[in-house]
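Report on the structure given below.
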Ligand code: DCP
């Protein structure tokens, strides 16, 4: 039969020796996460792990991100289950740097994106139930620890204009309502913390501003983020 290996999850966790201070950068599509990561990549204490979006766009030649946007009811389970797998790998990745900075997390995939698809009737209930069970299993058996969330807070209008500007082909059909709904889910999770609780401290940075201003804000918060590791 199929061998699942005999290493128990707790043993796996103990084997993970290098535990960096882990920071997840969260925020709506177009909120400025890539810009934030780009800034922190220049800090010697920080190892940046970008989102595995290139993998999502090429699963044996299939662009699953595009497929999801074109036919969510059909493809969002395939897409989100692959997001979940590749994000679990990001969480598990060790680092030689004292600080590991990741783009998004398993939490936002579940609490914002999967939730959004289901709530808006774009994902069948059975798909939602299966993904949620997988998520719960990962949460119980894998290391999803994060120490700090940097929440880039931006209005849906700001996000929409950045999406238009950068012109990523898959996202051109994303309506403002989708961004509004994702924005509320981020706010509920990270600010109100009603249905889902944030797993750690949240640092909020508003990014309804130009690029120069954004870099200034990241600089202002840099020491705070790096100091927290001490
Ligand atoms: N995505 C999704 N479900 C997830 C994670 C991401 O549908 N669980 C989608 C949304 C975007 C694309 O993947 O179309 C990339 O999303 P991000 O918002 O994570 O990354 P961006 O590059 O858009 O972020 P930013 O503009 O803030 O740099």
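Numbering (our numbering), first residue to last: 4 to 233. By construction, the Cβ of each residue, glycine as well, lies at the ideal position given by its N, Cα and C atoms.
Using the Cβ count rule (16 or more neighbours within 10 Å means buried), how would you classify residue 130?
That one is buried.
Do the region 73-82 and the region 29-40 meet, that is, are 3 or more Cβ pairs less than 8 Å apart?
Cβ pair count under 8 Å is below three, so no.
Along the chain, where does the alpha helix (DSSP H) that runs through residue 56 open and close?
56-59
Just the Cα atoms here: how many angstroms apart are residue 40 and residue 90?
16 Å
Who pairs with residue 51 in a beta bridge, going by DSSP?
According to DSSP, residue 51 bridges with 104.
Between the region 110-118 and the region 187-203, do three or more beta carbon pairs fall short of 8 Å?
yes
Does any heavy atom of the ligand DCP sit closer than 7 Å to the C-beta of residue 64?
no
CA-CA distance, residue 123 and residue 24?
35 Å
Shorter than 7 Å, the distance from the beta carbon of residue 2 to the closest heavy atom of the ligand DCP, or not?
Outside the displayed range of the chain (4 to 233) lies residue 2, so it cannot be described from this structure.
CA nearest to the CA of residue 171, picked from 56, 226, 209 and 139:
56
Residues sharing a beta bridge with residue 154, DSSP:
29 and 207
Can you round the beta-carbon distance between residue 72 and residue 145 to whole angstroms, since I take them to be within the 8 Å contact cut?
Wrong, their Cβ atoms sit about 28 Å apart, outside the cutoff.
Using the C-alpha atoms, what's the distance from residue 42 back to residue 92?
23 Å
Environment of residue 142 [buried if 16+ CB atoms lie within 10 Å]:
exposed
Please indicate yes or no: does the CB of residue 24 lie closer than 7 Å to some heavy atom of the ligand DCP?
no
Classify residue 62 as helix, strand or coil using the three-state DSSP reduction.
strand
Sorry if obvious, but does the Cβ on residue 135 come closer than 7 Å to a heavy atom of the ligand DCP?
no
Can you tell me whether residue 139 is buried or exposed, with buried defined as 16 or more other CB within 10 angstroms of its CB?
exposed
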